[in-house]
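> 260 is the number that the numbering used here gives the last residue of the sequence shown; the numbers go up by one with no jumps. Just passing along the structure, written as structure tokens.
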Amino acid sequence: MRTPPEAMTTIAEVKRWTRPILAEHPDLALKPRLLYLRPVHHIYRTIMFMGSSDRTHPKPRSNYHLLIAPPGAYSSNNWDCELIAGWSTDADFPDRLARVIRESLDHELRPLETIEGLYTFIGKDAADWGYLLERLSHGAPLHAVTPAALGRLSEACDVAQTYIDNNEGPLLQRLARQEEEATRGRRHQREDALSWAKLTRRFLRPMEELRQLIAVAKLNDRQAVAALLHQWEAQNARRHDIEDVWEPTPFPLERDL
């Protein structure tokens, strides 16, 4: 039986564990608890070592964040993958950790280096979950901005508008009910209703942002679309605290401008 550790995995341990893989892959860099692929342009690709309560059992997870996502939306597609590396006290831990990181880099993260690569991934992801791309998956705001960045403006409008049409009405009804409940009942009931209303407004915020995208995309104003996406990208870089490593670059949309 393993003896329960006294503290969680430390940043110093993450540095020690990842030193060999960093030496092997020059496009990898390390922030505290976080490996990331360079350069960071439109997609922030990471492997994070979660703060496990068992310091000998790190739980690295690979993920990506699309920096051009509407700032009110999640910047990942609720997709992440735990890499099973075992316990750091195991004799083969260094080799196993290096192997699972290599596999994640080659099969999941490096293919997402470009907007084109993400577009292919989103299509595959949607098919895996039984959706067609135009039917939308749970990551619809990301599905909308990805074709927009590629210059597929009609597709971007269709995806964004379908998402709004399918979701805004029920959310507005829910918000009206919550705001009404916040005017009556006991204090804790009013406070609960206000908290739920705040959450509902958060779900509505990406729809307002997508309306900005639809407005300029319908005009086929490619410069305005690019400017909006650059604005969102800068906001997301600040939100993820990666302005020091993020390198702003043009979108495929801008190649012919």
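Ideal Cβ placement from N, Cα and C applies to all residues, glycine included.
Can you have a look at Pro-209 and say buried or exposed, based on whether 16 or more other CB atoms are within 10 angstroms of its CB?
Position 206 of the sequence shown, counting from 1, holds the residue named residue 209. Pro-209 is buried by the Cβ-count criterion.
> Measure the beta-carbon distance from Val-17 to Arg-41 and round it to whole angstroms, keeping in mind my assumption that it falls under 8 Å.
For the purposes of this step, residue 17 is taken as the residue at position 14 of the sequence shown. For the purposes of this step, residue 41 is taken as the residue at position 38 of the sequence shown. About 18 Å separates the two Cβ atoms, so there is no contact after all.
> Below 8 Å CB to CB, which residues in the same chain sit around Leu-153 once its five sequence neighbours on both sides are set aside?
Translated into positions along the sequence shown, residue 153 becomes position 150. Excluding positions up to five away in sequence, the list reads Ile-118, Glu-119, Tyr-122, Phe-254, Pro-255 and Leu-256.
> For Gln-181, which option in Ala-200, Ser-91 and Gly-188 has the closest C-alpha, if you only look at C-alpha atoms?
Within the sequence shown, residue 181 is the residue found at index 178, counting from 1. Checked all of Ala-200, Ser-91 and Gly-188; the closest Cα to Gln-181 is Ala-200.
> What whole-angstrom Cβ distance do Pro-173 and Pro-97 have, given they're in contact under 8 Å?
Position 170 of the sequence shown, counting from 1, holds the residue named residue 173. Position 94 of the sequence shown, counting from 1, holds the residue named residue 97. Incorrect: roughly 50 Å between the Cβ atoms, too far for contact.
> Return helix, strand or coil for Ala-185, following the three-state DSSP convention.
For the purposes of this step, residue 185 is taken as residue 182 along the sequence shown, with counting starting at 1. Reduced to three states, the DSSP call for Ala-185 is coil.
> Output the distance between the C-alpha atoms of Pro-73 and Ala-94, rounded to the nearest integer angstrom.
Position 70 of the sequence shown, counted from the start, is the residue given in the question as residue 73. Position 91 of the sequence shown, counted from the start, is the residue given in the question as residue 94. For Pro-73 and Ala-94, the distance between alpha carbons rounds to 45 Å.
> Take the Cβ of Gly-133 as the centre, count every other Cβ of all protein chains shown within 10 Å, and call the residue buried at 16 or more, exposed below.
Here residue 133 corresponds to residue number 130 of the sequence shown, with the count starting at 1. Note that Gly-133 has pLDDT 44, beneath the 50 cutoff, so the model's placement of it is unreliable and the number below is only indicative. Answer is exposed; the Cβ neighbour count stays below 16.
> Taking the continuous alpha helix (DSSP H) assigned at Pro-144, which residues delimit it?
By 1-based counting over the sequence shown, the position of residue 144 is 141. Its alpha helix (DSSP H) spans residues 143-153.
> Taking C-alpha atoms, which residue in Pro-63, Ile-71 and Leu-70 lies nearest to Arg-102?
On the sequence shown, position 99 is the one that residue 102 refers to. Residue Pro-63 is the option with its Cα nearest to Arg-102.
> Between the Cα of Ala-85 and those of Leu-69, Ile-71, Glu-106 and Glu-183, spot the shortest distance and give me the residue it belongs to.
Numbered from its first residue, the sequence shown carries residue 85 at position 82. The sequence shown places Glu at residue 85, not Ala. It is Glu-106 whose Cα lies nearest to the Cα of Glu-85.
> Going by the CB atoms, is the gap between Trp-90 and Thr-59 shorter than 8 Å?
Walking along the sequence shown from the start, residue 59 turns up at place 56. Walking along the sequence shown from the start, residue 90 turns up at place 87. Yes, the Cβ-Cβ distance between Thr-59 and Trp-90 is below 8 Å.
> Near Trp-249, what residues of its chain come up, given a Cβ to Cβ distance below 6 Å and the 5 sequence neighbours on each side ignored?
Residue numbering aside, residue 249 sits at position 246 when the sequence shown is read from its first letter. The answer, listed in chain order, is Val-43 and Ala-240.
> By alpha-carbon positions, which one of Thr-13, Arg-48, Leu-69 and Asn-170 ends up nearest to Gln-238?
By 1-based counting over the sequence shown, the position of residue 238 is 235. Of the candidates Thr-13, Arg-48, Leu-69 and Asn-170, the one whose C-alpha sits nearest the C-alpha of Gln-238 is Leu-69.
> Return yes when the Cβ of Arg-204 is within less than 8 Å of the Cβ of Leu-175, no when it is not.
Reading the sequence shown from its first residue, position 172 is the one you call residue 175. Reading the sequence shown from its first residue, position 201 is the one you call residue 204. No, the Cβ-Cβ distance between Leu-175 and Arg-204 is not below 8 Å.
> Can you give me the Cβ contacts of Asn-66 inside the same chain, cut-off strictly under 6 Å, excluding the 5 residues immediately before and after it?
Here residue 66 refers to the residue found at position 63 when the sequence shown is read from its first residue. Closer than 6 Å at the Cβ level, and outside the excluded window around Asn-66, lie Thr-49, Ser-79 and Asp-83.
> Tyr-47 and Ile-217: beta carbons closer than 8 Å?
The count along the sequence shown starts at 1 and reaches residue 47 at position 44. The count along the sequence shown starts at 1 and reaches residue 217 at position 214. It is not a contact, given that the beta carbons lie outside the stated cut-off.
> If distances are taken between C-alpha atoms only, which option among His-110, Pro-61 and Ala-229 comes closest to Arg-2?
The displayed coordinates of the chain run from 4 to 260. Any statement about residue 2 would go beyond what the structure contains.
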